[in-house]
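Just so you know, full-length UniProt numbering puts 320 at position 320 of the sequence shown, and the rest follows in order with no gaps.
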Amino acid sequence: MTNTFTRLLETKDVLLADGATGTNLFAMGLQSGDAPELWNVDEPKKILALYQGSVDAGSDLFLTNSFGGTAARLKLHDAQGRVRELNRIAAELGREVADKADRKVAVAGSVGPTGEIFEPVGEMSHALAVEMFHEQADALKEGGADVLWLETISAPEEFRAAAEAFKLADMPWCGTMSFDTAGRTMMGVTSSDLAQLVEEFENAPLAFGANCGTGASDILRTVLGFAAQGTERPIISKGNAGIPKYVDGHIHYDGTPELMGEYAVMARDAGAKIIGGCCGTMPDHLRHMRAALDSRPRGDRPALEKIVEVLGPFTSDSDGTGEDAGAGAERRGRRGRRRA
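As structure tokens, then:
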């Protein structure tokens, strides 16, 4: 399938993705506990502004406001019967913004985790998960998404279910996991595990990688882990804007736009092809990332010591793989900065 996303992937050296959805919507008035997806219908102008902010900042692609768009997640808001409507409109609003841009911009249909634990530990069956992801995927496709974007996944079982659903929907896709526990996902997946997992699928993702997690330093260590596997598949790095801290009762991310510019360049040099931000990343961060990527030449793959020096310490001594060559650098870095 050839569309805007695949053309961008083939023709550009590096793609700039978008920033945070939640952080930006909270700044627009979304309240804690509200379902962002309902705003696709109730506050469409704000969703258009969310998308436009990324485009204006220089993003080559942006994710739709559909992260919690499965029936499992929408059920928490008594909206499980609105999966098609909310996801379709999320993508349609995205198309409206992308199609009027003065350059090619791709619309990526965001698909987040179901929030359920899979059998045999939990109650979510593979078949039901496939059904839920398929329903969401079809709606995003109907709305005009160029590519599906699975994100913030922890369990390989959920990754497999989504991959099967996306095949049923006949849609290209990308997928990321969140490595937030000493270089592993909540369910224990390492960077090397994911690099191997994506090659098992008949309909492998166009690109794979990591999003969210902890700080910018940690996600770069994960990107280096992907690259070390010798993968030829494009790598995604979508890291948080620093470390979250509570300030006056609100969560604030300490990553400055300048720091995120440094992060973007180091992510590229570490091996990432698609680079964006996650929690805390605002349009101003994206502008600095775009400028840094456009103005600074490629460099050598950064050593762990260099990552610590530029972006700050890792949050754990281990990257989760057992090959802890950078532990000394991490320990030295950790003495220089206290994490809240």
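The C-beta atom is built at its ideal place from N, Cα and C for all residues, glycine as well.
- Across the set Ser192, Ala155, Leu140, the C-alpha of Leu140 shows the shortest separation from the C-alpha of Trp173.
- Taking C-beta separations shorter than 7 Å and ignoring five residues to either side along the sequence, the partners of Ala165 in its chain run Val130, Phe133, His134, Ala137, following chain order.
- Within the segment 253-306, the complete alpha helix (DSSP H) segments at least 4 residues long are 257-270, 283-295, listed from N- to C-terminus.
- Take Thr321, set aside five residues on each side of it, and the residues of its chain with a beta-carbon closer than 8 Å to its own are Gly183, Thr190, Ser191, Ser192, Gly225, in chain order.
- Counted as a single uninterrupted DSSP element, the alpha helix (DSSP H) harbouring Glu157 occupies residues 156-168.
- When secondary structure is reduced to three states using DSSP, Ile219 falls in the helix class.
- When the Cα atoms are used, Asp319 and Pro36 turn out to be separated by approximately 33 Å.
- Contact annotation: Asn40 and Leu93 have beta-carbon atoms nearer than 8 Å.
- By the CB criterion at 8 Å, Pro313 and Ile274 fall outside the cutoff.
- Cα atoms of Ala270 and Asp78: separation of roughly 43 Å, rounded to the nearest angstrom.
- The continuous beta strand (DSSP E) containing Phe208 extends over residues 207-212.
- In this structure, DSSP gives Arg184 an extended state, which the three-state scheme calls strand.
- The alpha-carbon of Glu157 is positioned some 29 Å away from that of Thr281.
- Comparing alpha carbon positions, the residue from Lys238, Ala20, Ile243 closest to Ser178 is Lys238.
- Closest in C-alpha terms to Thr185, from the list Phe26, Gly213, Gly276, comes Gly213.
- Judged by DSSP in its simplified three-state form, Phe5 adopts helix.
- Annotation: Thr222 to Val83 spans about 33 Å, alpha carbon to alpha carbon.
- Beta bridge pairing from DSSP links Val107 with Phe62.
- For Glu151, the enclosing beta strand (DSSP E) covers residues 147-153.
- For Met132, the enclosing alpha helix (DSSP H) has its first and last residue at 126-143.
- Ser192: member of the alpha helix (DSSP H) spanning 191-197, first to last residue.
- Secondary structure note for Ser237: its beta strand (DSSP E) is the uninterrupted segment 235-239.
- Between Ala90 and Glu96, the alpha-carbon positions lie close to 10 Å from each other.
- Thr176 has Gly209 as its beta-bridge partners, per DSSP.
- Under DSSP, Lys75 forms no beta bridge with any residue.
- Shown here, Phe67 sits in coil according to DSSP, grouped into three states, outside any helix or strand.
- When the beta-carbon positions are compared, Met266 and Val308 stay at least 8 Å from each other.
- Counting other Cβ atoms within 10 Å of its Cβ, Glu202 stays below 16 and is therefore classed as exposed.
- Looking at the DSSP output, Phe118 bridges to Met124.
- By the neighbour-count criterion, in which a residue is buried when 16 or more other Cβ atoms sit within 10 angstroms of its Cβ, Ser59 is buried.
- In this structure the segment 44-64 lies against the segment 19-33, because at least three pairs of beta carbons, one per stretch, are closer than 8 Å.
- In this structure, Asp294 is the residue among Asp294, Thr23, Ile243 with its C-alpha nearest to the C-alpha of Asp13.
- Residues of the same chain with a CB within less than 8 Å of the CB of Arg88, apart from the 5 flanking positions on each side, are Ala139, Leu140, Glu142, Gly143 in chain order.
- Taking the Cα of Ala291 as reference, the smallest distance to any Cα among Gly261, Cys278, Thr315 is reached at Gly261.
- Contact between Leu86 and Gly69 is confirmed by a C-beta separation of about 6 Å, below the 8 Å threshold.
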